[in-house]
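Residue numbers (the working numbering): 2 to 341.
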Amino acid sequence: MLAWQGHVMARLRTVSPRSRGWTRRRAGTGFTYLDSDGARLPADEVERIRSLAIPPAWEEVWICPVANGHIQAVGTDAAGRRQYLYHPVWRERRDREKFDRITAVASRLPAARRRVARDLERDGTPLVKATAAAVRLLDRGYFRIGSDTYTDENGSFGLTTLERSHVRKERGLLVFRFVGKSSIEHVIEIDDPAAIRALEPMRRRRTTSQRLLAYESDGRWCDLTAPDVNAYLADLLGGDLTAKDFRTWHATVLAALSLAESDEEGDTVTSRRRAVKAAIAEVAEYLGNTPTIAKNSYVDPRVIDEYESGQTIGVEPGRFRSPERRQTAAEKALLDLLTG
């Protein structure tokens with residue numbers, strides 16, 4: 002921890018990037034840092050700013066003038082998006098709240114899955130059936146929810162922006178092939194008869210839209226959107242849960258399973274580190290993320306802490322007759338580990 006971070010552990014201050022702040026001006030191969038009046042900043046403040054590692058490519062940079070501001074810097078990236086750098090204490094607090102919320106909601110998953118199963122058996126393709134199909138795919142395939150902005154600007158796809166050309170039926174499975182966020186190519190196989198049946202009329206419908214997920218309303222087809230899916234999830238599980246939270250829970254379960262089934266020999270610090278590294282790599286591969294993002298944003302750190310202290314979920318490989326039963330057992334064991 003840097004000195005300026007240690008001084009503000011007790012209390013953070015809420016700040017707004019619309020208020021007067023500091024900025025930077027390019028100077029040779031680096032930057033000169035200026036206060037709100039245009040004067041150069043002293044060395045200790047420059048040290049704090051450099052420790053933030055503000056990307057050199059950012060434009061229109063706003064820098065927080067106080068060390069305990071919950072937002073430390075804001076800038077516009079090369080794609081024109083406003084990006085934020087938060088104080089590490091703020092990030093830790095928000096991450097802890099996020100994982101606590103997801104853990105609380107996870108206990109409702111069995112009942113939620115039963116409702117999804119019922120909604121998938123509805124006649125036709127109403128909105129509720131289409132959103133149920135989307136949630137089943139999120140549950141089975143670890144998809145990102147998708148964003149029209151990312152698709153339009155970057156040509157990358159998520160679940161709600163997938164096109165019909167991205168999916169084929171092969172060997173009785175639905176096989177999705179598409180380019181996701183960060184230009185990562187995904188191949189996802191779904192072996193779920195109810196989801197396959199629900200998607201069949203969507204795949205074969207006659208419409209000018211190329212989107213895969215859609216529903217019927219008043220005799221016409223409408224594209225399913227990310228807000229539609231998130232609204233169904235919130236109704237299903239309560240609170241403000243989103244598809245990203247759903248994906249985060251799955252990533253944490255996968256990491257817990259990987260650690261429980263690790264074949265690393267011995268019980269040393271080195272062997273445990275190798276097991277954690279392998280677990281994070283497995284999660285990253287499933288999610289289509291880098292290991293750093295998988296570990297920092299998707300895997301509950303308590304799972305790693307428990308493993309390093311000798312506790313795992315204890316789900317034995319080969320014990321279950323189906324992946325779904327193994328997943329259910331792993332989720333129950335993980336909840337017991339995190340809340341026991």
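Think of the CB as a built atom: it goes at the ideal place given N, C-alpha and C, for glycine as much as any other residue. In this text, all values refer to a predicted model and were calculated from it rather than measured experimentally.
From the options, residue whose alpha carbon lies closest to that of residue i
i	options	result
glutamate 201	Leu339, Lys170 and Asp301	Lys170
phenylalanine 247	Tyr233, Leu258 and Ser259	Tyr233
serine 323	Val304, Arg141, Glu164 and Asp301	Arg141
threonine 132	Leu260, Ser183, Arg25 and Leu160	Leu160
glutamate 154	Ala244, Ser184 and Gly220	Ser184
alanine 113	Thr340, Asp38, Leu339 and Thr329	Thr329
lysine 182	Thr152, Ile189, Leu128 and Val168	Thr152
leucine 121	Asp193, Cys65 and Gly156	Asp193
tyrosine 85	Trp59, Val106, Glu93 and Gln312	Trp59
lysine 296	Arg327, Arg275, Asp268 and Ala256	Ala256
Residues bridged to residue i [DSSP beta-bridge criterion]
i	result
tryptophan 222	Glu217
arginine 169	Val176
glutamine 84	Gly76
glutamate 164	Arg212
arginine 14	Gly70
Residue range of the unbroken beta strand (DSSP E) whose run includes residue i
i	result
glutamine 328	Careful: glutamine 328 lies outside any beta strand (DSSP E), inside the alpha helix (DSSP H) at 324–340.
valine 75	72–77
isoleucine 405	Past the edges of the chain, shown from 2 to 341, lies residue 405, and the structure says nothing about it.
arginine 26	24–28
Presumed contact (8 Å Cβ cut-off) between residue i and residue j, rounded CB distance
i	j	result
valine 270	alanine 135	Valine 270 to alanine 135, Cβ: 43 Å. No contact.
methionine 203	alanine 195	Actually they are not in contact, since the Cβ atoms of methionine 203 and alanine 195 sit about 14 Å apart, beyond 8 Å.
alanine 227	isoleucine 146	5 Å
glycine 76	isoleucine 50	Contact flag wrong, Cβ pair sits at about 12 Å.
leucine 258	alanine 331	5 Å
glutamate 265	serine 272	4 Å
Residue i: first and last residue of the uninterrupted alpha helix (DSSP H) it sits in
i	result
histidine 251	244–261
phenylalanine 32	No alpha helix (DSSP H) contains phenylalanine 32, which is instead part of the beta strand (DSSP E) from 31–35.
lysine 197	Checking the sequence shown, residue 197 turns out to be isoleucine, not lysine. Taken as a continuous stretch (DSSP letters only), the alpha helix (DSSP H) holding isoleucine 197 covers 194–205.
glutamate 93	89–107
alanine 131	128–142
glutamate 286	270–288
alanine 295	From DSSP, alanine 295 is part of no alpha helix (DSSP H); its letter is neither H nor E.
isoleucine 314	No alpha helix (DSSP H) holds isoleucine 314; DSSP gives it neither H nor E.
arginine 114	110–121
isoleucine 305	302–309
aspartate 264	Segment: none, aspartate 264 is in no alpha helix (DSSP H) and carries neither H nor E.
aspartate 236	227–238
aspartate 149	149–155
Q | Every unbroken alpha helix (DSSP H) inside the stretch 32–65 [4 residues or more] | A | 44–52
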